Every structure is written in C-alpha cells, then in structure tokens.
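One structure below.
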Amino acid sequence: MTEALGTPRSKVDFEHLLWQVSHQGVEAYKDESGWYLMFHGRCEHLQAGGICGIYTSRPQICRDYENDWCEFDEPAHKHFELYFRNYSELLAYCKKRFKRWGM
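According to this note's numbering, the sequence shown is numbered sequentially starting from 55.
Set out below in structure tokens:
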C-alpha cells in the first residue's frame, strides 16, 4: 500500500520522514506524481485468493485505490526518481540536500 505525502521541504519534514522509514516495512519514494510512503504488510482482511473480507464496508482509501497497474507487472522502483528503503539511505540524501544537516 502507498500513501501520498506532501512534498517534504524543510529539515523538520525530512526528520519526520526519517522517523517513518525507521520502522520495519516502511519505505519512501518520489515519482513523477509526488512523494509517497510505501507500507509492506498484509491487510488483515485479505482472504484466500486475494478477496477482500470487508469489501462492502471497506474504508474509502480502499474504494479510491485503482488497480490498473500492479507491482507484479513490473518492479515499481524502476519508475521512482528517489527511493529510500531505510533510515541510512534517507539520511545520506538529507546530508547532501542540507549542507548543514548535523548542525
């Protein structure tokens, strides 16, 4: 699952993003349409065969999600402009972006 983020601009924004990618199964990326968090996890409502167990009462975010393209069709990261799989990758980017990061 991915969730759209606002564009991080300040050190505070990136510190928050660093906190987020510090958690297992959370990654961040930027593509042509913006910044996103990607959560690697299985929905508790997913049943055998990939059927949603709460389809008729699913949350709005699930209703809005389009499945026109699937990460099994082609690796999604091929289209990422920036991709941060963990804290250390994002921290290296922050240090390049903000010359005075550690000060």
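Beta carbons are placed, not taken as given, at the ideal position from N, Cα and C, and that holds for glycine.
The structure presented is a predicted model; accordingly, all values stated were derived computationally and were not measured.
Where does residue i sit, in a helix, a strand or coil, going by DSSP?
i      : result
Lys65  : helix
Tyr119 : coil
Trp73  : helix
I'd like the span of the alpha helix (DSSP H) that includes residue i, first residue to last.
i      : result
Ala130 : No alpha helix (DSSP H) contains Ala130, which DSSP labels as neither H nor E.
Glu98  : Taken as a continuous stretch (DSSP letters only), Glu98 belongs to no alpha helix (DSSP H), as it is neither H nor E.
Lys84  : Taken as a continuous stretch (DSSP letters only), Lys84 belongs to no alpha helix (DSSP H), being part of the beta strand (DSSP E) at Val80 to Asp85.
State buried or exposed for residue i, treating a residue as buried only when at least 16 other CB atoms are found within 10 Å of its CB.
i      : result
Phe152 : exposed
Val66  : exposed
Ala146 : exposed
Glu86  : exposed
Glu81  : buried
Leu136 : exposed
Which residues in the same chain have their Cβ closer than 8 Å to the Cβ of residue i, if we skip the five residues on either side of it in sequence?
i      : result
Tyr141 : Leu72, Val75 and Ser76
Counting only the same chain and skipping the five closest in sequence on each side, list residues whose C-beta sits under 7 Å from that of residue i.
i     : result
Phe68 : Pro62 and Cys148
Who are the near neighbours of residue i in its chain, counting only those whose CB is closer than 6 Å to its CB and skipping five residues on each side?
i     : result
Glu98 : none
Which stretch, first to last residue, makes up the beta strand (DSSP E) that contains residue i?
i      : result
Tyr137 : Leu136 to Phe138
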